[in-house]
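Working notes, beginning with the structure itself.
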Amino acid sequence: MSLYTYSFETNWKFESDINQVWGLIGGFKYGDWWSGVSSEPLYQGPRQDGIGNTYHYVFRTKLPYQLAFVAEIVRKEEPKYLEIRATGELEGRGVWTLSQEGSLTHVQYVWQVNANKKWMNLLAPILRPAFVWNHDQVMEQGAKGIADALGVKRIT
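Numbering (the numbering used here), first residue to last: 1 to 156.
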C-alpha cells in the first residue's frame with residue numbers, strides 16, 4: 001500500500017431503526033449532526049434517487065488541519081447502501097452499508113482514499129500513524145453525532 005493511500009473500515013451499532021440512521025447518513029446534511037463538519041449541496045441532478053448529486057464537505061480534524069472534498073453519489077439503495085466518489089484533497093471511494101440486526105442498526109463505512117495535500121504526502125512516512133488516529137477521532141465524532149441526533153444508545 002502506498003503511503004498516500006488510506007483504507008479504513010469503521011463499524012458502529014446503534015439501538016435504532018435502520019430508517020432513522022439512514023435519514024442522517026443518506027440525507028447528506030452531515031454538518032447538522034456531525035461535529036466539525038460543514039456541508040453544502042453543489043449540484044442536485046434530475047434523478048429522484050440522487051445519483052449524480054454532489055456535495056462539498058469540509059472536515060475539521062482533531063489535529064490542526066482540515067480536509068475538503070466533493071462527494072458525488074454513484075450508487076444508492078435506500079436504506080442499506082450508499083456509495084460516493086470523492087475528489088479534492090481526498091480522492092477515492094466511500095461506502096456506507098447499513099443493516100438491521102434485531103433492534104440494532106449496524107453501520108459500516110469503508111473509506112479508501114488518496115491524500116492530495118502535498119504536505120501530508122511529504123510527511124506521511126513519519127506522520128501516517130497520526131493521520132490514522134485523526135481519522136478515527138473524526139469517525140468517533142460522527143458516531144456520537146448520530147447517537148445524539150437520534151437520542152439513541154451507541155453499542156459499539
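C-beta: ideal position from N, C-alpha, C; glycine also.
Helix, strand or coil for residue 51, going by three-state DSSP, please let me know. The answer is coil: DSSP assigns residue 51 none of H, G, I, E or B.
Starting from residue 114, trace the beta strand (DSSP E) in both directions and tell me its first and last residue. Here the beta strand (DSSP E) through residue 114 covers 104-115.
Run of the beta strand (DSSP E) containing residue 13, from where it starts to where it stops: Annotation: the continuous beta strand (DSSP E) that includes residue 13 extends over 5-14.
Leaving out the 5 sequence neighbours to the left and right, which residues in its chain are closer than 6 Å to residue 106 when beta-carbon positions are compared? Around residue 106: 13, 99.
Who are the Cβ neighbours of residue 146 in its own chain at under 7 Å, not counting the five residues just before and after it? These residues qualify, in order along the chain: 14, 21, 24, 33.
Is the beta carbon of residue 4 less than 7 Å from the beta carbon of residue 121? Against a cut-off of 7 Å, the Cβ pair of residue 121 and residue 4 comes out as a contact.
Does residue 132 pass the burial test, meaning 16 or more other C-beta atoms within 10 Å, or should it be called exposed? Under this definition residue 132 is an exposed residue.
Between the CA atoms of residue 73 and residue 63 - distance to the nearest angstrom: Between the C-alpha atoms of residue 63 and residue 73 there is a straight-line separation of about 28 Å.
Helix, strand or coil, according to DSSP, for residue 74 in the structure here? The three-state secondary structure of residue 74, taken from DSSP, is strand.
Can you tell me which of 18, 104, 138, 70 puts its alpha carbon nearest to the alpha carbon of residue 8? Checking every option, the nearest Cα to that of residue 8 belongs to 138.
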